[in-house]
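Q: Note that this note's numbering has the sequence shown beginning at 7, numbered continuously upward. Glycine residues also receive a C-beta, built at the ideal position from the N, C-alpha and C atoms. As the structure is a computational prediction, the values presented were derived from the model and not from experiment.
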Amino acid sequence: LVVAEVGYRSHRTLLPLLRSFPNTFLSIGSNFTAHRAVEWYARHLGAERLLFGTGLPEAEPGAAIGQLLFADIPEGDRRAIGAENARRLSHGVRRS
């Protein structure tokens, strides 16, 4: 399950949800704006549970891109969030 389009008011319920269901992932993007939220979730959940999204076409992607590029996280976590996690998850998808 991927939780997406999460606003800043959802942070209080997100951590318990994500901790309770380890096969649940958080999509960060244009609505996911909170001071140092990328760092906080990467530290408390692990970067492997975060997926990058921009919110296009409804939102301008600059804020989401900047939030990921300037997050104070290791470069490996940035790569994982930026593309590797989504690639890993989509690799297991079976199409009929």
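1) Could you pull out every unbroken beta strand (DSSP E) segment of at least 3 residues lying fully inside the segment 15-75, listed in chain order?
2) Taking 7 angstroms as the limit between beta carbons, can you name the residues of its chain near F38, skipping five residues before and five after?
3) Could you pull out every residue in the same chain whose Cβ sits closer than 7 angstroms to the Cβ of I79, ignoring the five residues on either side in sequence?
4) By the 10 Å Cβ neighbour count, where 16 or more other Cβ atoms means buried, how is G72 classified, buried or exposed?
5) Quick one: using the 10 Å Cβ neighbour count with 16 as the cut-off for buried, is S36 buried or exposed?
6) How is the alpha helix (DSSP H) around L95 delimited, first residue to last?
A: Quick answer:
1) For the segment 15-75, whole beta strand (DSSP E) runs of length 3 or above, ordered along the chain, are 31-34, 56-58.
2) Numbered from 1 along the sequence shown, position 32 holds the residue referred to as residue 38. Its chain contains V12 as the residues whose beta carbon lies nearer than 7 angstroms to that of F38, once the 5 sequence neighbours on both sides are disregarded; these appear in chain order.
3) In the sequence shown, residue 79 corresponds to position 73, counting from 1. Closer than 7 angstroms at the Cβ level, and outside the excluded window around I79, lie V44, E45, A48, A53.
4) Here the question's residue 72 lines up with position 66 in the sequence shown. Flag for G72 reads exposed.
5) Residue 36 sits at position 30 when you count from the first residue of the sequence shown. S36 counts as buried, since at least 16 other C-beta atoms from the protein chains shown sit within 10 angstroms of its C-beta.
6) Here the question's residue 95 lines up with position 89 in the sequence shown. Where L95 is concerned, the enclosing alpha helix (DSSP H) stretches over 91-97.
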